[in-house]
Every structure is written in C-alpha cells, then in structure tokens.
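Read left to right, the sequence shown gives residues 40 to 343 (our numbering).
Yeah, the Cβ is synthetic: ideal placement off N, Cα and C, and Gly gets one too.
In this text the structure is predicted, and so the values were computed from the model without any measurement.
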Amino acid sequence: MRQDLLGLYGYAAEEIEEILSLSAWMKDRLRRGEKRFSELRDRSVVILFYENSTRTRTSFEFAAKYLGARVVNISVASSSVQKGETLVDTGKTLDAMRTDAIVMRHPMSGAPKLLADTVCAHVVNAGDGMNEHPTQALLDMLTMKERFGTIKGLRVAILGDILHSRVAKSNLFGLTAMGAEVRMFAPRTLVPAGIEQMGAKLCASREEAVEGADVVMGLRIQLERQHAGNFPSLGEYARFYGVNEEVLRGAKPNAAVLHPGPVNRGVELTSGVIDSDQSRIEEQVLSGVAVRMAVLSLICKEEV
Ligand code: CP
C-alpha cells in the first residue's frame, strides 16, 4: 500500500484488489461479532473532520478502535483552527505528537494532498471537496464484489449530482481500473466537464443509464454545494431524474441498489427503491467499517 490514500486516480487493479481482499476478511470477522484486533496496537490515529459526517467519521473511529489504535477525534469547531491556525500548522502539530495516521475530511479539493506533503504521518482522505472519497468507492466495490463475485464486466449506472460528487469520481476511477463499465446520468447542469474523457459513458436519459445495469447507484443532491438554477425544484428533480420502481425495472432483475448516504429520501431514490430487497445500502455501511480497517492496517503495516 502507498504511504497515503488520497484518491483512486491512477490506482491499478492489483492495488485495489489487495485492499478489497483484506476488507472481505475483516468484514467476515465483523459479521461474526469480532471487534478485537491487534494490527494497530499502540498506534495513534487522529480523525480530523472539517465537514459534517455520520457514516465516514463513525466508521473510521470504529475501524481504528477495533484494530487496537489510540484514537483522537478533533472537532474543528473547538480546535485552534477557530483561532486561525492553518492546515499545515495543524498537521505539523499532530506530527510532533508522533501521530501515525491522520484521517481527514475537508471542504477544499486537494487539502489532503497538501497535508500529506507536510506531515510524516500517513494521510487518509475521507472526502475532499468535489475531488475524491476513495474509501467510499472501495466500500461500494466491496459491496458489489460480495453481491456478484467480481467487479470485472459489471455494468454500473451512477445517477445524481455527479458535478459535486467526490464519490462519483472515486468510483469511476476504481471501477474502470477493475474492468467495470460505468454509465452516468444527471441533468446537464450537474455533469462535470470531461467526465467522458475520464472513462464514463454519459447517457441521455435515466432509462438509458439503468438499462441492463447490474448496479444502480444514486447520488445525493448536494444542496449545500448547489448554485441556484441547477434544476427547477427537488420535486421536479425526483419526477424527471430520480430512480423510482419503474425506472429500476429497466435494470437486470437481480440488480443491486447502492447509495453512499445520506439519502434525500424521495429525491434521488424513492422510499420504495431504498427499502426494496434489491437495496444494499445498509450492507454498504458494514462494508465501510471493514474497508477502513483494511486501509488503516495496510497503510501502517510497515511500522507495525
Ligand atoms: N457517504 C458519506 O460520506 O457519508 P457521511 O457524509 O455521513 O460520512
């Protein structure tokens, strides 16, 4: 594993496979109720989130604790960041305390790279702006691999706010490296320039994106990052762009439904789709703990 996990751009299939294999092993043990591991015994992990989170933050904290690490959560609201301390100075301070790994979420794209260039500790990107969210894509791929036995050859439809989505980009890089076909659909105002050059097949309708898909992934409409006018209203978004039961029928009968969460229920996916037998959304959450355990243990491995 590399020194830091900043994104899946440029990752080879073998590198992703190494993480997914260990994640599957971890998940199997978690399912059996095991929560005591020793891979990070006496290691220190700092969780530094400059943005809100439920799933990612909690699962990284559980992951590090299950592995035996000493974990400190820094709440930016009550830290010296509020006094004007820079990210670089915060990183140097954590380094001086002999921190082994820093898990960071930040609203600015590229912030984890800046931190990684500054500190000796391993840096794991837990989501940076509109750039990447690599552990989310890894947990999505683990969930797909468990469901279908392989990622190679899967047709994955990703629908929603692609423009603002770091999840979409990390999935695109990871899934194409693993040999999956990635189809995307969103209103034109929510499609980033150059997404086809990155390997996605851009579809003209949600029906075209979903047709014959093995996996249908909804993405959250990121209301906090919207500029006015990207779409008329949430109700109209749901009606014309969202995935409902009828749209889902265009996918393969055994297609899996994924969503990184948090879901705007009834907007990107209807409640019927979220709560259907095809939904793997809760499974993704357990995959998240397992993947984060695998990443933290691999990234700190040479020091253990
Ligand atoms: N999927 C995801 O990143 O969720 P949180 O924002 O709750 O961490």
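Drop a sphere of 10 angstroms on the beta-carbon of residue i, count the other beta-carbons inside from all chains shown, and report buried for 16 or more, exposed for fewer.
| i | result |
| --- | --- |
| Ala116 | exposed |
| Leu61 | buried |
| Gln236 | exposed |
| Thr95 | buried |
| Val330 | buried |
| Asn112 | exposed |
| Leu106 | buried |
| Ala51 | exposed |
| Ala232 | exposed |
| Arg227 | exposed |
| Asp262 | First, the residue type needs correcting, since residue 262 is Leu and not Asp in the sequence shown. Looking at its Cβ environment, which holds fewer than 16 other Cβ atoms inside 10 Å, Leu262 is exposed. |
| Lys340 | exposed |
| Pro173 | buried |
Please report the straight-line C-alpha distance between residue i and residue j, rounded to a whole angstrom.
| i | j | result |
| --- | --- | --- |
| Val343 | Glu78 | Confidence in Val343 is poor, its pLDDT being 43 and thus under 50, which makes the residue's placement too unreliable to answer from. |
| Ala155 | Val127 | 9 Å |
| Gly168 | Ile201 | 13 Å |
| Ser310 | Asp134 | 45 Å |
| Asn293 | Ala277 | 23 Å |
| Arg31 | Ser244 | Residue 31 is absent from the structure shown; the chain starts at 40 and stops at 343. |
| Ser272 | Glu285 | 21 Å |
| Leu181 | Thr157 | 31 Å |
| Thr129 | His161 | 15 Å |
| Glu307 | Asp81 | 43 Å |
| Ala248 | Leu153 | 36 Å |
| Met136 | Leu87 | 15 Å |
| Glu90 | Phe279 | 30 Å |
| Glu246 | Gly289 | 7 Å |
Using 7 Å as the cut-off, classify the Cβ of residue i as near or not near the heavy atoms of the ligand CP, replying yes or no.
| i | result |
| --- | --- |
| Ser272 | no |
| Ser92 | yes |
| Thr182 | no |
| Gly168 | no |
| Val49 | With the sequence shown as reference, residue 49 is identified as Gly, and Val is not the correct amino acid for it. Result no, Cβ not under 7 Å from the ligand CP. |
| Arg96 | yes |
| Gly300 | yes |
| Gln175 | yes |
| His203 | no |
| His145 | no |
| His19 | This structure leaves residue 19 out entirely; the chain is present only between 40 and 343. |
Opposite residue i in the DSSP bridges: which residues?
| i | result |
| --- | --- |
| His161 | Ala140 |
| His145 | Asp167 |
| Phe187 | DSSP, once it has assigned bridges, lists no residue as partnering Phe187. |
Would you mind working out which of the options sits nearest residue i, comparing C-alpha positions?
| i | options | result |
| --- | --- | --- |
| Asn170 | Gly188, Leu337, Pro151, Met332 | Pro151 |
| Val221 | Arg331, Thr228, Lys191 | Lys191 |
| Gly300 | Arg288, Lys291, Glu322 | Glu322 |
| Cys159 | Ser83, Asp179, Lys122 | Ser83 |
| His203 | Met183, Asn164, Ile260, Val255 | Ile260 |
| Lys104 | Pro173, Leu69, Met223, Gly149 | Leu69 |
| Leu44 | Gly199, Ser209, Ser114 | Ser209 |
| Ala239 | Ala207, Ile141, Gly251 | Ala207 |
| Ala63 | Arg186, Ala108, Asp139 | Arg186 |
What I want to know is whether the C-beta of residue i ends up closer than 7 Å to one or more non-hydrogen atoms of the ligand FAD.
| i | result |
| --- | --- |
| Ser117 | You won't find the ligand FAD in this model; what it holds is the ligand CP. |
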